[in-house]
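Quick note: the sequence shown uses the UniProt record's numbering, first residue 1, plus one each step.
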Amino acid sequence: MAMAFGSPGAPAQLDDRVKWAGPKFTIVSANGPQEHDAIAQIDAHVAPEGHTKLHISAAMKKFMTDLALKPKFLEEYKLDPVAVVESAEGLSNLEQFGLKFGKAGPAEVLMRATESDIASGRQLTKEEIAKANGLLRLVTINLTLLQARTS
């Protein structure tokens with residue numbers, strides 16, 4: 001036994017006379033019956049009327065991803081959102097307007113659109129963006145949903 005575990009002065013040595021005789025592992029699915037049912041119905045799913053989708057430009061997606069994944073960038077944005085937004089490339093005037101508030105509300109309202117908004121090409125007004133409330137709490141859930149929708 002001492003040979004199997006070694007000693008303080010000598011490393012452990014493999015005792016090749018001992019063979020593994022433990023139980024076989026049972027592999028359990030990570031998904032239960034509810035998850036399997038949801039997955040089976042996903043192709044036939046129709047979003048309810050008025051359901052909002054994440055809908056943003058590539059520049060806005062990059063900006064939001066950088067905020068979520070680069071702590072230094074997020075700190076700079078918290079300290080001076082106007083300067084950070086003005087230095088970002090490719091953002092539309094409305095995206096810049098909303099992001100300069102440094103709050104999640106305007107950023108979130110910029111990223112959401114209904115099917116009819118998308119189809120008609122409807123643009124938000126500056127008043128709608130400015131009315132959106134919320135502290136700066138750029139949640140990874142939004143980013144995760146965004147990544148899932150655009151992948």
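Heads up, the beta-carbon is just placed ideally off N, CA and C, and yes, glycines get one too.
8 Å Cβ shell around residue i - same chain, five flanking residues per side excluded
i           : result
residue 168 : Coverage of the chain is limited to positions 1 through 151, which leaves residue 168 absent and any answer about it impossible.
residue 112 : 52, 53, 54, 55
Residue i, DSSP secondary structure in three states
i           : result
residue 52  : strand
residue 104 : helix
residue 47  : coil
residue 114 : strand
residue 96  : helix
residue 62  : helix
Alpha-carbon spacing of residue i relative to residue j, whole angstroms
i           : j           : result
residue 55  : residue 30  : 31 Å
residue 57  : residue 98  : 14 Å
residue 118 : residue 49  : 13 Å
residue 38  : residue 52  : 20 Å
residue 67  : residue 114 : 25 Å
residue 32  : residue 72  : 40 Å
residue 35  : residue 80  : 43 Å
residue 65  : residue 100 : 16 Å
Contact under 7 Å by Cβ, residue i with residue j
i           : j           : result
residue 91  : residue 44  : no
residue 83  : residue 63  : no
residue 133 : residue 102 : no
Close beta carbons around residue i, own chain, < 6 Å, minus the five adjacent residues each side
i          : result
residue 74 : 67
residue 96 : 85
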